[in-house]
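Structure first, then comments.
In this note's numbering, the protein residues as written are 76 to 384.
Here is the structure:
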């Protein structure tokens with residue numbers, strides 16, 4: 076009886092220690108993810124900065140109705156949703172690239188070269204989008220390196236508007252995003268590869284399996300659970316493209332196709348000075364995101380027998 080009680084007390088003490096370890100992170104999550112939700116109240120007022128909230132008029136669902144009542148607003152929102160869906164679909168369709176890159180990187184046998192490749196492909200993730208645009212501007216602007224070389228080599232007589240153009244906007248944003256995040260996205264898969272039981276490889280080699288068969292029948296199947304979990308989380312964040320990348324690359328020429336939902340909310344709230352309308356759109360976006368997450372979690376439970384949340 077005393078042994079059982081000691082074990083129970085030990086578990087209780089261990090649980091308290093783990094809770095105290097996670098408490099700072101729970102506080103940060105609450106401070107940056109849950110506490111700001113009180114700002115949703117602005118969606119029900121006709122707020123004008125810098126007035127205090129009680130100095131403005133309560134308008135109820137006015138801003139939500141405006142989204143669907145104003146034809147011009149609805150048309151613009153439709154284009155924004157098209158951009159958002161296009162960017163997200165391209166991202167999900169190419170989500171296998173970090174898996175492929177991790178597998179190929181793992182096959183490099185020269186350790187120094189492998190470390191150099193991994194470092195060079197991971198560093199861009201830590202470069203801000205402002206600096207990424209600076210790189211793009213110096214390379215691809217009308218007076219940039221690429222246009223200068225093309226004209227000096229006689230390949231073209233006039234400048235090519237790489238940045239000041241609305242052509243291939245989706246492709247350009249995907250390429251910059253892939254360059255910046257490919258190496259970082261592969262890290263989790265490299266960790267998963269490191270956790271694969273090496274006896275599987277040894278047994279397959281004894282049976283005569285070569286490098287490609289090891290990848291096909293062992294590495295890829297072992298990575299699929301990790302891939303599907305991350306894929307489902309990507310689907311749950313389908314309308315959350317982020318804003319930084321599109322904000323720095325937007326201009327008067329490509330604004331129609333580069334403006335995703337997050338950037339649209341920012342432009343309405345800050346540039347358009349309609350904070351209440353921006354809050355209403357952001358509120359609806361959050362509700363849709365949570366709904367998608369619940370749906371994806373339900374699908375995961377039914378298909379894989381495991382919940383992701």
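Using N, Cα and C, we set each Cβ at its ideal position, and we do this for glycine too.
Say yes only if the C-beta of residue i is nearer than 6 angstroms to one or more non-hydrogen atoms of the ligand MN, and no if none qualify.
i, result
"residue 94", "Absence of the ligand MN from the depicted structure is noted, as is the absence of any ligand whatsoever, leaving it without description."
Where residue i and residue j are concerned, what is the direct C-alpha to C-alpha distance, given to the nearest angstrom?
i, j, result
"residue 379", "residue 274", "26 angstroms"
"residue 328", "residue 237", "11 angstroms"
"residue 157", "residue 283", "50 angstroms"
"residue 318", "residue 186", "37 angstroms"
"residue 76", "residue 90", "Its pLDDT being 49, under 50, residue 76 is placed unreliably by the model, and the measurement read from it follows with that caveat. Roughly 21 angstroms separates the two Cα atoms."
"residue 120", "residue 112", "15 angstroms"
"residue 277", "residue 250", "38 angstroms"
"residue 337", "residue 344", "11 angstroms"
"residue 223", "residue 211", "14 angstroms"
"residue 269", "residue 280", "18 angstroms"
"residue 307", "residue 179", "24 angstroms"
"residue 341", "residue 352", "11 angstroms"
"residue 117", "residue 110", "14 angstroms"
"residue 382", "residue 127", "43 angstroms"
"residue 103", "residue 129", "29 angstroms"
"residue 107", "residue 101", "10 angstroms"
"residue 208", "residue 114", "32 angstroms"
"residue 232", "residue 206", "29 angstroms"
"residue 142", "residue 371", "27 angstroms"
"residue 226", "residue 244", "24 angstroms"
"residue 375", "residue 160", "22 angstroms"
So what does residue i bridge to, in DSSP terms?
i, result
"residue 120", "133"
Beta carbon of residue i, beta carbon of residue j: below 7 angstroms?
i, j, result
"residue 241", "residue 332", "yes"
"residue 183", "residue 189", "yes"
"residue 267", "residue 301", "yes"
"residue 292", "residue 174", "no"
"residue 339", "residue 155", "yes"
"residue 217", "residue 234", "yes"
"residue 165", "residue 309", "no"
Around the Cβ of residue i, are there at least 16 other Cβ atoms within 10 angstroms (buried) or fewer (exposed)?
i, result
"residue 248", "buried"
"residue 314", "buried"
"residue 350", "buried"
"residue 99", "exposed"
"residue 228", "exposed"
"residue 311", "buried"
"residue 316", "buried"
"residue 96", "exposed"
"residue 94", "exposed"
"residue 252", "buried"
"residue 255", "buried"
"residue 144", "exposed"
"residue 176", "buried"
Taking 7 angstroms as the CB-CB limit, is residue i close to chain D?
i, result
"residue 157", "The displayed structure is made up of one protein chain only, and chain D is not part of it."
I want to know whether the stretch 256-265 touches the stretch 186-204 - three or more CB-CB distances under 8 angstroms. yes
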